[in-house]
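The opening residue of the sequence shown carries number 10 in this note's numbering; numbering runs sequentially from there. Every residue gets a Cβ at the ideal spot worked out from N, C-alpha and C, and that includes glycine.
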Amino acid sequence: MDNQNSQIPQVVMSQPGQATVEVPEEKDTVGLIKTIAIIVLSLIAVTFIGLFVWMLLQYNGARSDVEGEIAVAVAEAKDEQAMKLESEFLEREKNPYKTFSGPADYGQLTFEYPKTWSVYVAADAAKGGDYAAYFNPGQVDTVSNDTINALRLTIRDKAFEAVAAEYQKEMDRKDSNLKMESVTIGNGVTANRYTGTIPGSELSGYIVIFKIRDKTAVLQTDSVVFAEDFNKLLSTIVFNA
10 MDNQNSQIPQ VVMSQPGQAT VEVPEEKDTV GLIKTIAIIV LSLIAVTFIG LFVWMLLQYN
70 GARSDVEGEI AVAVAEAKDE QAMKLESEFL EREKNPYKTF SGPADYGQLT FEYPKTWSVY
130 VAADAAKGGD YAAYFNPGQV DTVSNDTINA LRLTIRDKAF EAVAAEYQKE MDRKDSNLKM
190 ESVTIGNGVT ANRYTGTIPG SELSGYIVIF KIRDKTAVLQ TDSVVFAEDF NKLLSTIVFN
250 A
C-alpha cells in the first residue's frame with residue numbers, strides 16, 4: 010500500500026483556501042536513465058560492430074595470405090615435379106650408351122658415353138702426335154679454352170710423369186685453386202684427378218690423367234654440371250696396356 014500511495018500525486022495546501030498538485034520527479038529520472046542506457050548500448054553496439062569489421066578484415070587478410078602461400082607452394086611443387094620429370098626423361102634418353110674406341114696404336118682406349126652426345130675427332134693421330142676428341146650433348150661447341158664441352162679427350166704423345174709435372178706447376182701458382190687426388194678408375198687403373206679452375210681458362214671442372222703405354226690419357230669435363238656423367242664414364246674405361 011505504501012508503494013501505491015507514493016505514486017499518487019499529493020495535494021498540498023500552499024495557502025489557506027488554495028490547493029496545488031505536487032507531481033513526483035520520478036518520471037524525469039526514469040527517462041534520463043533510459044536515455045543514458047540507450048546511449049551506452051549504442052556505444053557498445055558501435056564498438057562491437059567496429060570490432061567485428063576489424064576481425065573480418067583481419068580474417069580476409071590472413072585468408073588471402075594463406076591462399077597466396079598455398080598458390081606459391083603448389084606452383085613450386087609443379088615446377089619441381091616438371092624438373093624431376095624432365096631430368097628423368099633426359100636420363101632415359103642417354104640409354105643405351107654408346108661405346109667409344111680410340112686408335113689401336115694408342116692403347117685402344119674405350120669407354121661408354123650417352124647416346125645423346127655428339128663426338129668430334131679433331132686430331133686422329135694417324136701420323137703420330139696427340140689424339141684429340143670432343144664430346145657434348147646435341148652438338149660439339151666450337152672448341153676453345155672458353156667454350157664448355159662435356160668431355161675433352163686427349164691422348165698425349167708424352168710420358169705420364171711429364172704431363173703430371175705440368176699440372177703440378179699449375180698447382181704451384183699462387184692464384185691457382187687446382188687440387189689433386191689419386192683415384193682408381195675403370196678396371197683398377199690408378200689416375201690423378203684434378204679439381205678446380207682448368208688451366209688456361211676460367212672454367213671450373215675436373216681433369217683425370219693416367220698412363221697408357223708410353224703416352225698419357227687426359228679426360229676433362231669443362232663444367233661440374235657433367236660430374237655425374239663424367240664419373241660414370243670413368244668407371245667404364247678399358248684400354249690395352
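Status (buried if at least 16 other CB within 10 Å, exposed otherwise) for residue i
i    : result
P105 : exposed
G197 : exposed
N69  : exposed
T225 : buried
T44  : exposed
V39  : exposed
A200 : buried
F57  : exposed
G111 : buried
8 Å CB neighbourhood of residue i in its chain, flanking five on each side removed
i    : result
D155 : S210, E211 and L212
T206 : S185, N186, L187, L212 and S213
L227 : Residue identity differs from the one stated: residue 227 is Val in this sequence, not Leu. Cβ within range, chain order: R161, L162, T163, I164, R165, V172, I216, V217 and I218.
A54  : none
Y176 : L187, M189, N201, Y203, P208, I216 and I218
Endpoints, the beta strand (DSSP E) within which residue i is located
i    : result
Y8   : Residue 8 cannot be examined here, being either before or after the span of the chain that is shown, 10 to 250.
Q229 : K224 to T230
A200 : V198 to T206
V128 : W126 to A132
F235 : It is not in any beta strand (DSSP E) - F235 carries neither H nor E in the DSSP assignment.
K183 : Counting along the chain, K183 falls outside any beta strand (DSSP E), and DSSP gives it neither H nor E.
I194 : K188 to I194
S110 : K107 to S110
L162 : L160 to R165
A113 : Neither: A113 is in no beta strand (DSSP E) and is coded neither H nor E.
Residues near residue i by beta carbon distance below 6 Å, same chain, minus five either side
i    : result
T125 : E102, K103 and P146
A131 : A141
T204 : K188 and Y215
Sequence-distant residues of its chain with Cβ nearer than 7 Å to residue i (five each side left out)
i    : result
T108 : T119 and E121
L41  : none
F235 : A159
For residue j and residue i, believed in contact at Cβ under 8 Å, the rounded distance
i    : j    : result
D133 : Y140 : 7 Å
Y215 : F248 : Actually they do not touch by this definition, with Cβ atoms about 19 Å apart.
T163 : G195 : Contact doesn't hold; Cβ gap of about 17 Å is too wide.
D223 : A168 : 6 Å
Alpha-carbon to alpha-carbon, residue j and residue i
i    : j    : result
G59  : E89  : 45 Å
E237 : V62  : 59 Å
R202 : I218 : 7 Å
G116 : A250 : 6 Å
Q229 : S127 : 16 Å
A8   : R72  : The structure shown does not extend to residue 8, since the chain is modelled only from 10 through 250, so no value can be given for it.
I221 : L243 : 15 Å
E190 : E179 : 15 Å
V83  : I157 : 35 Å
K136 : A113 : 13 Å
E100 : Y143 : 20 Å
V192 : E85  : 39 Å
E76  : L66  : 15 Å
S153 : V233 : 18 Å
P123 : G138 : 28 Å
Boundaries of the alpha helix (DSSP H) in which residue i is found, first to last residue
i    : result
F169 : F169 to M180
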